[in-house]
Amino acid sequence: MRQISWRKNKIMVLLLMACVFAAGCGNDAGQIQEKVSLTDASSSETELISMSSEVDEAVAETIVWEDESILTEEESLEDLVYSPPTVSLVMVGDILLHTPLAESGLREDGSYDFTAVFANTKDVIQEADLALVNQEVIIGGVELGVSGYPAFNAPYELGDALVDAGFDVVCHATNHTLDKGKKGAVRCLEFWKLNYPEVAVLGINETAEEQDEIYIYEQDDIRIAILNYTYGTNGIPLPEDMPYVVNLLEEERVVADLQRAEELADFTIVCPHWGTEYLLGTDSWQQKWTEIFLKNGVDLVLGTHPHVIEPVEWVYDETTGKEMLVYYSLGNFVNWTSGRGAGVANRMVGGMAEITLEKLEDGTVSVADYGVTALVCHVTDGQDGVTVYPLADYTDELGQQNQIVDQDGNFSREYCVGLCNEVWGELWE
Numbered sequence: 000m001r002q003i004s005w006r007k008n009k010i011m012v013l014l015l016m017a018c019v020f021a022a023g024c025g026n027d028a029g030q031i032q033e034k035v036s037l038t039d040a041s042s043s044e045t046e047l048i049s050m051s052s053e054v055d056e057a058v059a060e061t062i063v064w065e066d067e068s069i070l071t072e073e074e075s076l077e078d079l080v081y082s083p084p085t086v087s088l089v090m091v092g093d094i095l096l097h098t099p100l101a102e103s104g105l106r107e108d109g110s111y112d113f114t115a116v117f118a119n120t121k122d123v124i125q126e127a128d129l130a131l132v133n134q135e136v137i138i139g140g141v142e143l144g145v146s147g148y149p150a151f152n153a154p155y156e157l158g159d160a161l162v163d164a165g166f167d168v169v170c171h172a173t174n175h176t177l178d179k180g181k182k183g184a185v186r187c188l189e190f191w192k193l194n195y196p197e198v199a200v201l202g203i204n205e206t207a208e209e210q211d212e213i214y215i216y217e218q219d220d221i222r223i224a225i226l227n228y229t230y231g232t233n234g235i236p237l238p239e240d241m242p243y244v245v246n247l248l249e250e251e252r253v254v255a256d257l258q259r260a261e262e263l264a265d266f267t268i269v270c271p272h273w274g275t276e277y278l279l280g281t282d283s284w285q286q287k288w289t290e291i292f293l294k295n296g297v298d299l300v301l302g303t304h305p306h307v308i309e310p311v312e313w314v315y316d317e318t319t320g321k322e323m324l325v326y327y328s329l330g331n332f333v334n335w336t337s338g339r340g341a342g343v344a345n346r347m348v349g350g351m352a353e354i355t356l357e358k359l360e361d362g363t364v365s366v367a368d369y370g371v372t373a374l375v376c377h378v379t380d381g382q383d384g385v386t387v388y389p390l391a392d393y394t395d396e397l398g399q400q401n402q403i404v405d406q407d408g409n410f411s412r413e414y415c416v417g418l419c420n421e422v423w424g425e426l427w428e
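Just so you know, we're using numbering that gives the first Met the number 0 here: the sequence shown kicks off at 0 and counts up by one.
Following this line, the structure appears as structure tokens:
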């Protein structure tokens with residue numbers, strides 16, 4: 000995780016306060032003052048934290064306050080400094096239900112169970128305050144026929160598994176939203192509203208009024224707007240009587256939405272379905288929309304669609320000083336592509352964006368920490384044969400057992416590590 004270093008100033012303030020408190024009580028503050036005098040702006044945050052701890056202990060041992068309303072022996076100097084409220088969030092990439100993946104969840108009675116897919120990642124997902132997922136394929140139920148590429152449809156049990164894994168926000172605006180037409184989207188919305196009304200379903204809408212709503216997540220006086228759009232629907236036209244069914248990347252509407260989000264929230268996240276499939280870098284379309292997002296107040300972009308991982312970077316508006324963190328593509332979370340040959344191995348590596356937001360004393364909400372956890376989709380034949388591992392837990396032996404090797408002989412644990420190094424550098428873990 001990359002930590003924003005504004006805390007150095009806070010720690011320096013603590014050190015100076017320690018001297019004031021000790022001297023004000025008539026105690027010998029020489030040792031404390033000597034420690035503080037050795038610090039300067041060039042000191043590392045680690046050095047300052049260590050110094051702060053030593054000074055805090057020294058003050059606690061020597062100061063006894065008669066006025067307990069100021070500071071007691073049991074209290075830390077940290078209690079005198081503003082402690083910003085925080086929200087931790089994670090997001091994973093595309094959930095693709097290729098035919099062999101669907102078959103891995105099929106049970107003898109005709110029902111489905113996809114618990115195994117999330118078994119090795121659900122703990123991290125559930126620990127986050129807010130967990131987002133890109134649900135690439137529509138969840139229309141078995142009545143519409145469970146199907147894989149090119150016209151996907153998932154059974155309702157996939158939605159059950161997403162909730163069990165701990166996801167709070169489901170992004171449904173993808174190029175596959177209309178694979179089963181209007182009926183598929185409507186059935187999907189009905190499933191979520193009837194069974195999991197507490198889950199925020201973004202990107203698809205039952206009414207025009209729903210499309211106009213801006214979803215706001217609120218926690219500890221932090222208000223976060225989250226919006227979801229797709230570049231298109233694979234050439235399938237929007238229903239004439241339901242043109243609002245899916246959110247498209249149309250500049251006029253997006254800009255209007257972002258302006259309202261700025262009024263309603265402290266922090267704005269956009270989850271765009273964009274980019275070029277299988278490209279490890281970014282394209283001109285992504286660059287265009289990055290500029291639009293930046294100039295209209297977006298603070299964080301969490302991208303999907305290319306089915307491979309892409310870079311993470313900060314972008315800046317030199318005119319306004321505005322900054323925005325962009326994850327261009329989190330790749331696939333789970334898939335079992337039928338593709339063969341070089342490059343197929345790239346589709347088995349995904350990322351889990353991990354971000355901590357905090358609200359500062361001036362009311363602004365910003366990114367305090369950020370990073371990405373590398374994930375590997377592991378596929379083998381048979382019931383429950385598909386699951387996702389953190390790359391840190393993935394062994395060479397598992398890599399040899401992954402049946403994607405039959406489709407791309409380059410795949411191995413070492414290959415996955417090399418790919419992450421190439422795209423993310425030192426950011427990933």
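For each residue, glycine too, the CB sits at the ideal point set by N, CA and C.
Nearest C-alpha to Ser328 among Ala127, Phe410, Val422 and Gly398: Val422. Just so you know, the alpha carbons of Glu208 and Asn119 end up roughly 39 Å apart.
Excluding sequence positions up to five before and after Gly296, its CB lies within less than 8 Å of the CB of Leu257, Gln258, Ala260, Glu261, Thr267 and Lys321, all in the same chain and listed in chain order.
By DSSP's assignment, Arg222 forms a beta bridge with Glu217. With a cutoff of 9 Å on beta-carbon distance, Leu95 and Glu135 are scored as near each other. If you look at Val244, you'll find it isn't in any alpha helix (DSSP H); DSSP assigns it neither H nor E. Contact between the region 328 to 338 and the region 154 to 166 is absent, with fewer than three C-beta pairs closer than 8 Å. Taking the Cβ atoms as the reference, Val198 lies roughly 16 Å from Leu226, outside the contact range of under 8 Å. In the structure shown, Phe266 adopts extended strand secondary structure according to DSSP, grouped into three states. Between Gly158 and Phe332, the CB-CB gap reaches or exceeds 9 Å. DSSP, read as helix, strand or coil, puts Thr319 in coil. The Cβ atoms of Val343 and Gln406 sit closer than 9 Å to each other. Here Lys179 is buried. Its C-beta has 16 or more other C-beta atoms within 10 Å.
Of the candidates Thr176, Val416 and Phe113, the residue whose Cα lies closest to the Cα of Ala160 is Phe113. Under the three-state reduction of DSSP output, Asp163 falls in the helix class.
Contact between the region 279 to 287 and the region 235 to 247 is absent: fewer than three C-beta pairs spanning the two stretches fall below 8 Å. Burial check for Leu263: the Cβ neighbour count within 10 Å stays below 16, so the residue is exposed.
The beta-bridge partner set that DSSP reports for Met351 consists of Val91 and Thr372.
The alpha-carbon of Glu217 is positioned some 14 Å away from that of Gly362.
Around the beta-carbon of Ser82, fewer than 16 other beta-carbon atoms lie within 10 Å, marking it exposed. In the displayed model, Ala199 falls within a strand according to three-state DSSP.
Of Thr98, Pro84 and Gly231, the smallest CA-CA separation from Gly381 is found for Thr98. Here the alpha carbons of Asp298 and Tyr326 stand approximately 11 Å from one another. As DSSP reads the structure, Cys170 sits in a beta bridge with Asn133 and Leu201. Within the same chain, Cβ atoms closer than 8 Å to the Cβ of Leu143 are found at Asn152, Lys179, Lys182, Gly183 and Arg186, the five residues on either side in sequence being excluded.
For Phe190, the enclosing alpha helix (DSSP H) has its first and last residue at Gly180 to Asn194. At the C-beta level, Lys294 and Asp265 stay beyond 9 Å of one another. Leaving aside the five residues that flank Tyr393 on each side, the residues in its chain whose CB is nearer than 6 Å to its CB run, in chain order, Val375 and Arg412. The Cβ neighbour count for Leu356, taken over all protein chains shown within 10 Å, is at least 16; the residue is labelled buried. Take Ser146, set aside five residues on each side of it, and the residues of its chain with a beta-carbon closer than 7 Å to its own are Asn152, in chain order.
The three-state reading of DSSP puts Thr232 in coil, since its state is none of H, G, I, E or B. The distance from the Cβ of Gly274 to that of Glu312 is about 14 Å, inconsistent with a contact at the 8 Å cut-off. By the C-beta density criterion, Leu359 is exposed, having fewer than 16 other C-beta atoms within 10 angstroms. Listed in chain order, the non-local C-beta contacts of Asn133 below 6 Å within the same chain comprise Gly92, Asp93, Cys170 and Thr303, local neighbours out to five positions each way being set aside. Taking the C-beta atoms as reference points, Val123 is found nearer than 9 Å to Val89.
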